[in-house]
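Asks: Here's a structure for you.
Residue numbers (the numbering used here): 8 to 227.
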């Protein structure tokens, strides 16, 4: 089996390319959240209804790259031209030989959002975590254990998505967190980055041997 490679094209929530992540497997180059023009991409998945999360979709559509999303996300996307080209997927699908499972991470009933799990490799990419982490989502990424890549936002400021303090407390409240293989934080705000050492110290203390890191732009 070939390796799965994950590349971070954006990491800071304040930048336009903030949640842009590429997943490569065999001849597949899948882009999650098309916020940047990247040559050679042959599949795109949109996870969010927010226009900031798919600002460069037309570049891919014009180049014949298929764009996927769930019916729920597609329904609430405000751009009718984008809705017209989105290919809807169900609870699991394949792009080439790469298996993909959408994970629901809704912000609100009318603000659907998803992350993606790649079960062959036990990798879960959740570009933006909602304020409340449901028990089922935690179980899905922990049983069996997964490498978690999570958009985390601010250190403690309230936002439409989770902040670090809520994330750490919620995960720790569930015994399943011990099953995580690794945690990579991305799509974060500057206030969180400035407290990087403090964040890593807390997570390493609470989570023991689970590797924890901050993503870097261009990191694979």
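The beta carbon of each residue, even a glycine, is placed where N, CA and C say it ideally should be. Note that the structure is predicted; figures quoted are calculated from it, not measured.
If you draw a straight line from the C-alpha of residue 202 to the C-alpha of residue 162, how long is it?
Replies: Rounded to the nearest angstrom, the two C-alpha atoms are 8 Å apart.
Asks: For residue 119 and residue 52, what's the separation of their Cα atoms in angstroms?
Replies: Roughly 14 Å between the two C-alpha positions.
Asks: Which whole-angstrom value describes the C-beta separation of residue 153 and residue 188, a residue pair presumed to lie in contact below a C-beta threshold of 8 Å?
Replies: Going by Cβ atoms, the distance from residue 153 to residue 188 rounds to 6 Å, so yes, they are a contact pair.
Asks: Verify whether the separation of the beta carbon atoms of residue 273 and residue 136 is less than 8 Å.
Replies: Within the shown structure, residues of the chain are numbered from 8 to 227, placing residue 273 beyond reach of any answer.
Asks: Straight-line CA distance for residue 49 to residue 36?
Replies: Their backbone Cα atoms lie some 6 Å apart in a straight line.
Asks: Could you pull the DSSP bridge partners for residue 110 from this structure?
Replies: Its beta-bridge partners are 122.
Asks: Can the beta-carbon of residue 192 be found less than 8 Å from the beta-carbon of residue 157?
Replies: Yes. Within cutoff.
Asks: Taking 7 Å as the limit between beta carbons, can you name the residues of its chain near residue 92, skipping five residues before and five after?
Replies: Hits under 7 Å: 68, 74.
Asks: Look up residue 145 in the DSSP assignment and say whether it is helix, strand or coil.
Replies: Here residue 145 sits in helix by DSSP.
Asks: CA-CA distance, residue 29 and residue 43?
Replies: One C-alpha to the other measures close to 11 Å.
Asks: Are the Cβ atoms of residue 111 and residue 102 separated by less than 8 Å?
Replies: Their beta carbons are not under 8 Å apart, which means residue 111 does not touch residue 102 by this criterion.
Asks: Just how far apart, CA to CA, sit residue 45 and residue 15?
Replies: Looking at the two C-alpha atoms, the distance is approximately 12 Å.
Asks: By Cβ distance below 7 Å, which residues in the same chain neighbour residue 9 in space, the five residues on each side in sequence not counted?
Replies: So the list reads 32, 33, once near-sequence residues are dropped.
Asks: List the residues that DSSP assigns as beta-bridge partners of residue 2.
Replies: Past the boundaries of the shown model lies residue 2; the chain is included only from 8 to 227, so the question cannot be answered.
Asks: Give a yes or no on whether the C-beta atoms belonging to residue 62 and residue 196 are separated by under 8 Å.
Replies: No; because the gap between Cβ atoms is not below 8 Å, this pair is not in contact.
Asks: For residue 227, is the classification buried or exposed, using 16 other Cβ atoms within 10 angstroms of its Cβ as the cut-off for buried?
Replies: Result: exposed.
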